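J.: Residue numbers (the numbering used here), protein chains in the order written: chain A, 193 to 685; chain B, 148 to 326; chain C, 4 to 374. Once you've had a glance at the structure underneath, I'll fire off some questions.
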Amino acid sequence: MKGGLALSRPANSTIDDQIHTLPLQATYYLPAVSYSRAVLHSQYEPGQSVLRGESIAQGVIAPTSGTLRAQVNHAWPHPSHLEVPTWELEADGLDTALPLAPLAQNVTTQDKLSRLTMAGVQGLGGAGFSTAKKIERVLQHTERTLIINAVECEPGVECDRMLMQSHASSVIEACHALVEWIQPTQTLFAIEDDKQSAIDALTSDKTHQQNPVLTWVTLPAVYPSGAESLLVQRLTGLHLAPNQRAADAGVLCVNVGTVMAIYNALNGNAAIDRLISVSTQDLMHTTTLSVRFGTPLNAVLKFAASQHTGLAEALRLNPTAVQVGGPLSGFSRPIDNAPILAGCNALLIGPSHQSQPPSACIRCAECATVCPANLLPQELYTAARSDDHDVLKHYRLDACVLCGCCDVVCPAHIPLTQWFRFAKGSVAEQAQNEADAALARTRSEQHAARVEQRALEKAVADEQRRSAAAAAKHAKADIQAALARVKRKKPSA
Amino acid sequence: MTWLALTSLLLLCLAIGYGFARLGNSQSSEETLIERINDCLPQTQCAQCHFPGCRPYAEAIADGRAGINQCPPGGDATIHALSELLGVEALPLDKQFGVSKPPLVALIDEAVCIGCTLCIPPCPVDAIVGSGKLMHTVIAEDCTGCELCIAPCPVDCISLVPATAEITQWRPAAPEQRS
Amino acid sequence: MIPALQSYRQANPAQRRDTTRIMTRVCWALVPGTALMALWFGPGVVTNGLLLILLCVLFEAGALLLRQRSIRHGLNDGSIVLAAWLLALCLPPAVPMFVLVIGAAATTLLGKHVYGGLGQNPFNPAMVGYAVLLISFPQNTTQWIEPQWLGGWFNPDTWERVWSQITASSGVTSAWDAVTQATPLDQFRTATHAASSATTSASGMSGMSGMSGMSGVSGVSGVSGVNGSNTGIGIGSATSIAWISLSAAWLAGGLYLLFVGLIRWHLPVAMLAAATTTYIVYTVWMPDITLPLPWVLFYGGLIFGAFFIATDPVTAPSSRSARLWYGAGIGILCVVLRVHSNYPEGVAFAVLLMNACAPLLDRVCVRDQPQ
Numbered sequence: 193m194k195g196g197l198a199l200s201r202p203a204n205s206t207i208d209d210q211i212h213t214l215p216l217q218a219t220y221y222l223p224a225v226s227y228s229r230a231v232l233h234s235q236y237e238p239g240q241s242v243l244r245g246e247s248i249a250q251g252v253i254a255p256t257s258g259t260l261r262a263q264v265n266h267a268w269p270h271p272s273h274l275e276v277p278t279w280e281l282e283a284d285g286l287d288t289a290l291p292l293a294p295l296a297q298n299v300t301t302q303d304k305l306s307r308l309t310m311a312g313v314q315g316l317g318g319a320g321f322s323t324a325k326k327i328e329r330v331l332q333h334t335e336r337t338l339i340i341n342a343v344e345c346e347p348g349v350e351c352d353r354m355l356m357q358s359h360a361s362s363v364i365e366a367c368h369a370l371v372e373w374i375q376p377t378q379t380l381f382a383i384e385d386d387k388q389s390a391i392d393a394l395t396s397d398k399t400h401q402q403n404p405v406l407t408w409v410t411l412p413a414v415y416p417s418g419a420e421s422l423l424v425q426r427l428t429g430l431h432l433a434p435n436q437r438a439a440d441a442g443v444l445c446v447n448v449g450t451v452m453a454i455y456n457a458l459n460g461n462a463a464i465d466r467l468i469s470v471s472t473q474d475l476m477h478t479t480t481l482s483v484r485f486g487t488p489l490n491a492v493l494k495f496a497a498s499q500h501t502g503l504a505e506a507l508r509l510n511p512t513a514v515q516v517g518g519p520l521s522g523f524s525r526p527i528d529n530a531p532i533l534a535g536c537n538a539l540l541i542g543p544s545h546q547s548q549p550p551s552a553c554i555r556c557a558e559c560a561t562v563c564p565a566n567l568l569p570q571e572l573y574t575a576a577r578s579d580d581h582d583v584l585k586h587y588r589l590d591a592c593v594l595c596g597c598c599d600v601v602c603p604a605h606i607p608l609t610q611w612f613r614f615a616k617g618s619v620a621e622q623a624q625n626e627a628d629a630a631l632a633r634t635r636s637e638q639h640a641a642r643v644e645q646r647a648l649e650k651a652v653a654d655e656q657r658r659s660a661a662a663a664a665k666h667a668k669a670d671i672q673a674a675l676a677r678v679k680r681k682k683p684s685a
Numbered sequence: 148m149t150w151l152a153l154t155s156l157l158l159l160c161l162a163i164g165y166g167f168a169r170l171g172n173s174q175s176s177e178e179t180l181i182e183r184i185n186d187c188l189p190q191t192q193c194a195q196c197h198f199p200g201c202r203p204y205a206e207a208i209a210d211g212r213a214g215i216n217q218c219p220p221g222g223d224a225t226i227h228a229l230s231e232l233l234g235v236e237a238l239p240l241d242k243q244f245g246v247s248k249p250p251l252v253a254l255i256d257e258a259v260c261i262g263c264t265l266c267i268p269p270c271p272v273d274a275i276v277g278s279g280k281l282m283h284t285v286i287a288e289d290c291t292g293c294e295l296c297i298a299p300c301p302v303d304c305i306s307l308v309p310a311t312a313e314i315t316q317w318r319p320a321a322p323e324q325r326s
Numbered sequence: 004m005i006p007a008l009q010s011y012r013q014a015n016p017a018q019r020r021d022t023t024r025i026m027t028r029v030c031w032a033l034v035p036g037t038a039l040m041a042l043w044f045g046p047g048v049v050t051n052g053l054l055l056i057l058l059c060v061l062f063e064a065g066a067l068l069l070r071q072r073s074i075r076h077g078l079n080d081g082s083i084v085l086a087a088w089l090l091a092l093c094l095p096p097a098v099p100m101f102v103l104v105i106g107a108a109a110t111t112l113l114g115k116h117v118y119g120g121l122g123q124n125p126f127n128p129a130m131v132g133y134a135v136l137l138i139s140f141p142q143n144t145t146q147w148i149e150p151q152w153l154g155g156w157f158n159p160d161t162w163e164r165v166w167s168q169i170t171a172s173s174g175v176t177s178a179w180d181a182v183t184q185a186t187p188l189d190q191f192r193t194a195t196h197a198a199s200s201a202t203t204s205a206s207g208m209s210g211m212s213g214m215s216g217m218s219g220v221s222g223v224s225g226v227s228g229v230n231g232s233n234t235g236i237g238i239g240s241a242t243s244i245a246w247i248s249l250s251a252a253w254l255a256g257g258l259y260l261l262f263v264g265l266i267r268w269h270l271p272v273a274m275l276a277a278a279t280t281t282y283i284v285y286t287v288w289m290p291d292i293t294l295p296l297p298w299v300l301f302y303g304g305l306i307f308g309a310f311f312i313a314t315d316p317v318t319a320p321s322s323r324s325a326r327l328w329y330g331a332g333i334g335i336l337c338v339v340l341r342v343h344s345n346y347p348e349g350v351a352f353a354v355l356l357m358n359a360c361a362p363l364l365d366r367v368c369v370r371d372q373p374q
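Listed below in structure tokens is the structure:
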């Protein structure tokens, strides 16, 4: 990978080497909106009781047993800061699980995929894409590559390392199970060289030593090596076309946490929780929590503070704002009861840094030097400002992974990534409008054709009727004439 | 020397001219022009331009019978695209044809609908389903928000609602620009 | 600033930058050369610089005021100081005040603000200002004085002459009659033209014959092929030592910029290499204008241009391959202009011509990746 930033934690920072599990909450909040912002529908009625692991809607799983309340508009951890329709789940404290049997070895692929969907397994790397759909696409290829992504390159995000370190044998077992299912020609386990403790734990595992199907790929700790399109390109040499996903090329790239979720789902445990790193904004103190989806943000922070004095102090000083996500990829939001969802891998206590006011771009091209996707951000920036979609396409906006490296090095302090987010939204909106127009056009043409066809048919039918009537008239006239002739003949006769 | 200079200048002009010729689109038949104008239009088929649909309006623009600023649903984007395509000045939207609105879709109040089928034929995109004496409904994905079904309804049970949820419409804002 | 980034910036000092700091560093890199120039050519160099900086800042503030931008924010980035300084270094010592005013106006308004200020200008502002002065006031912008170590800094007469020169109301003054001297390149050029006026290709393409005898950015190409002693600029003379030491100072400043990562090697190397190659081609084609190669590089503004003018990020292309082409273009044009045009030096015009091509180069040289 060209570019990127070698970011590191402060030298004297401390990491709590234990995973703390959040106690059961009284209320969980389950947004009725998918990560791609589609509104979800459910056949569940308010007041209905659900069990832990029950699928309420597509990708929405009850994190514990309890009673569903009516949908209300509720805070949502998203850069839009909008409120979305959300189910409230009132826990009954029993935490009864939906009985899901482990799948037998010989079940069909379709069964396994529907199990993943039912168990709500989705990518834990951040995008929240449905894992079943991803695997389905990959299975359509005969030549498959499996990449297990343990490259959590952003400083302050430690959840994958903690998972591998403390559950090494389960991780290896889960990887083997996935390999057995996918049957890839090659399995790459991508990890960064600054996670030596995790590498040691995994490689010393007995199962792995007996059956080493995993090929280790150790990458230097450079942000953003873990971005899927960059990682796939780097490990396989595969160049993805715009809007093409790795899965469409037969490459299954899954986060190591997702591999565990797949394994758990196949064994009858729905995906209801994840690991989250909670740090101070200065990354001096970090702890890792196991949090169920739908847990309110303030409860998570309160619990983290109770486990770690450094975090408690930081929370005392910054009681209002938290950054959801890593130092570069995250966004700031007020501390409220917005729920934790699958894409949230880190929380940073304290407000995100205030950027200096931007000045004019002097085209120093430092952004191009650090761009991991090998783009020219300075050109994209001018194109984004003028909202010129042709130029944005020419400079391959679609390849931008929004990593934020260019923001860091820009001497003019221009919020480049925000411009690119805006431009991507603008391009997507235009594409949507064009698709809508194309659909409406087809339908209106069909409508017009049908109206014309009907008019034609009516004309033909009218003509037929008219000619039939005329014929009948003729026949009548003939009869009249014949009668008249007869009449005329009669008296003469 | 002079001849050399003149010849090289001539060659340069030819080369540049050739380049521009290649750049310029050679398609110029009237049929494709109408198509390309039609491509710029939002295809709502709302007839607010006083033509019976987007394609008739495109034909009228191609014939010079209509201006490029008569399409309220398309708004500034359509006017801009047409001015680029036709090389004419981008005028502001002519208010006599209507004003730009956010995307809307029709919604039938199913409790009020009497199943008269009067709204079905005017729909240019066949987005209303229903049958005589039976309740009608609008297929929201197909509806263009043209409002043509509103007038025929004898019980006024059709209203226009925002096309999508606020959250679906949201997109990242551009950073604030210093004045 | 979040600590992860802070530690990154500490580990990568070149990254600790903002626009003001970049401009300041470039100014620092100009200091040795400027000091040397002042020592050789006298206090007129310093007055030029200070007056131009003052004038340009005034024009900049005025332009920002008219454009309703924040004056503090606009001046804070230091870009106008740098542009004024660069322009001052192109001019002979103690240029009349009215010339400086016009130069500052051209640099600030014509070179920068008509396009929308910093970052928007397609042409290097300092070179726009210089080109305007070169065409409008050929004599004032090309009459250099004979370099003299410590050039009369301690002589009250010199200061008086500097004063009268600056306050002169007409373009042609006689104050310096005794000591005016063209740059080495200029002299070389005059000599060459005289010697080879029969050579058609050297007789120039334009009708600006009245201007022959002017110099450009500061004299460049070399001397000894033509009778160095005749022109008074042979190797070893004060003139040649002055110009060569100046180029060495610019080179040192340029290497500093390279070292701190403010410029990349592609552009200057491509420019110098292309200039050298072109020059070698000319020596084969027209042996009578030959100068030894080192002087091609060291006399005149080639090195100054390669490190300080052409590398202006705003007007140069930004991708690496485009910078190579751009640098090469300037290098070739520079030598071609020296040989064929009626100006002895071509750096300024070469840079302006390639400035015009920069956006095209950027567009064409999008980095190689399958679409």
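Note that CB positions come from ideal geometry on N, CA and C, so glycine has one too. Predicted model only: the values in this text are computed from it and were never measured.
1. Please tell me whether C196 of chain B has its Cβ less than 9 Å away from any Cβ of chain A.
2. If you measure from the beta carbon of S322 of chain B to each beta carbon in chain A, is any gap under 9 Å?
3. Which whole-angstrom value is the C-beta distance of N341 of chain A and G429 of chain A, which I expect to be below 8 Å?
4. Nearest-angstrom Cα distance between T407 of chain A and V272 of chain C?
5. In the DSSP assignment, find the unbroken alpha helix (DSSP H) run with W156 of chain C in it and report its ends.
6. In terms of residues, what are the limits of the beta strand (DSSP E) holding L251 of chain B?
7. With three or more C-beta pairs closer than 8 Å as the rule, is the segment 304-317 of chain C touching the segment 330-339 of chain C?
8. Label C160 of chain B either buried or exposed according to how many other C-beta atoms from any shown protein chain fall within 10 Å of its C-beta, with 16 as the threshold for buried.
9. Please classify S212 of chain C: is it buried, with 16 or more other beta-carbons within 10 angstroms of its beta-carbon, or exposed?
10. Tell me the DSSP secondary structure of H581 of chain A in three-state form.
11. To which residues does DSSP link N341 of chain A through a beta bridge?
12. If you measure from the beta carbon of L584 of chain A to each beta carbon in chain B, is any gap under 9 Å?
13. Using Cβ-Cβ distances below 9 Å, what residues of the segment 301-325 of chain C are close to chain A?
14. Applying the criterion that 16 or more other CB atoms from any shown protein chain within 10 Å of the CB defines a buried residue, is R75 of chain C buried or exposed?
15. Measuring CA to CA, which of A:A203, A:A198, A:A647 and A:S247 is closest to L475 of chain A?
16. Between the C-alpha atoms of C304 of chain B and C260 of chain B, what's the straight-line distance to the nearest angstrom?
17. Indicate whether at least one CB of chain C lies closer than 9 Å to the CB of R525 of chain A.
18. For the segment 380-396 of chain A against the segment 359-370 of chain A, are there 3 or more C-beta pairs whose distance is under 8 Å?
19. In the DSSP assignment, find the alpha helix (DSSP H) that holds Q142 of chain C and state where it starts and stops.
20. Please identify, using Cβ separations under 9 Å, the residues of the segment 325-358 of chain C that lie next to chain A, in order along the chain.
21. Excluding the 5 residues preceding and the 5 following S224 of chain C in the sequence, name in chain order all residues of the same chain whose CB lies nearer than 7 Å to its CB.
22. Is the beta carbon of A552 of chain A sitting closer than 9 Å to the one on G122 of chain C?
23. List the endpoints of the continuous alpha helix (DSSP H) containing S306 of chain B.
24. Relative to the C-alpha of T161 of chain C, which residue among C:G308, C:N358 and C:F44 is closest?
25. When the Cα atoms are used, what is the spatial distance from E348 of chain C to G164 of chain B?
26. Going by DSSP, what residues sit across from H212 of chain A in a beta bridge?
27. Are the beta-carbon atoms of C187 of chain B and L232 of chain B separated by less than 9 Å?
28. If you draw a straight line from the alpha carbon of Q217 of chain B to that of P309 of chain B, how long is it in whole angstroms?
29. Expressed to the nearest angstrom, what Euclidean distance is found between the alpha-carbon atoms of A201 of chain C and S155 of chain B?
30. Sort A:H212, A:V264 and A:Q250 by Cα distance to Y227 of chain A and report the nearest one.
31. Would you mind reading off the limits of the beta strand (DSSP E) that contains R307 of chain A?
32. Classify G106 of chain C as helix, strand or coil using the three-state DSSP reduction.
T.: Result, derived from the coordinates:
1. Chain A, which has no Cβ nearer than 9 Å to the Cβ of C196 of chain B, makes this no.
2. According to the sequence provided, residue 322 of chain B is Pro. The question's Ser does not apply to it. P322 of chain B counts as touching chain A.
3. G429 of chain A and N341 of chain A do not touch by the CB rule: their CB atoms are close to 17 Å apart, not below 8 Å.
4. T407 of chain A and V272 of chain C: Cα-Cα distance of roughly 43 Å.
5. Neither: W156 of chain C is in no alpha helix (DSSP H) and is coded neither H nor E.
6. In this chain, the beta strand (DSSP E) harbouring L251 of chain B covers L251 to I255.
7. Enough Cβ pairs lie closer than 8 Å, so yes.
8. Counting other Cβ atoms within 10 Å of its Cβ, C160 of chain B stays below 16 and is therefore classed as exposed.
9. With a pLDDT of 31 at S212 of chain C, under the threshold of 50, the modelled position of this residue cannot be trusted, and the question is left open.
10. In the three-state reduction of the DSSP assignment, H581 of chain A falls in the helix class.
11. Beta-bridge analysis with DSSP links N341 of chain A to A:A382 and A:N447.
12. No, because no Cβ of chain B sits closer than 9 Å to the Cβ of L584 of chain A.
13. Listed by position, the residues of the segment 301-325 of chain C near chain A (Cβ gap below 9 Å) are D315, P316, V317, T318, A319, P320, S321, S322 and R323.
14. Classification for R75 of chain C: exposed.
15. Distance from the Cα of L475 of chain A is smallest, within the candidate group A:A203, A:A198, A:A647 and A:S247, for A:A203.
16. Their backbone Cα atoms lie some 6 Å apart in a straight line.
17. The C-beta of R525 of chain A comes no closer than 9 Å to any C-beta of chain C.
18. Flag = yes, the segment 380-396 of chain A and the segment 359-370 of chain A touch.
19. Here the alpha helix (DSSP H) through Q142 of chain C covers P141 to T145.
20. Residues passing the 9 Å Cβ filter: R326.
21. Bear in mind that the predicted position of S224 of chain C carries a pLDDT of just 36, short of 50, making it unreliable; the figure below should be weighed with that in mind. Result list for S224 of chain C: L188, F191, L294, W298, V299, Y302, G303 and R341, in chain order.
22. Closer than 9 Å, so yes.
23. For S306 of chain B, there is no enclosing alpha helix (DSSP H); the residue is part of the beta strand (DSSP E) that begins and ends at I305 to P309.
24. Selected option, being the one with the closest Cα: C:F44.
25. Taking the straight line from one Cα to the other gives about 33 Å.
26. A:L481.
27. At the C-beta level, C187 of chain B and L232 of chain B come within 9 Å of one another.
28. So the alpha carbons of these two residues sit roughly 23 Å apart.
29. Caution is warranted here: a pLDDT of 37 is assigned to A201 of chain C, below 50, making its placement in the model unreliable, and the coordinate value is therefore given only provisionally. When rounded, the separation of the alpha-carbon atoms in A201 of chain C and S155 of chain B is 24 Å.
30. Checking every option, the nearest Cα to that of Y227 of chain A belongs to A:Q250.
31. For R307 of chain A, there is no enclosing beta strand (DSSP E); the enclosing alpha helix (DSSP H) has its first and last residue at T301 to M310.
32. G106 of chain C falls in the helix class under three-state DSSP.
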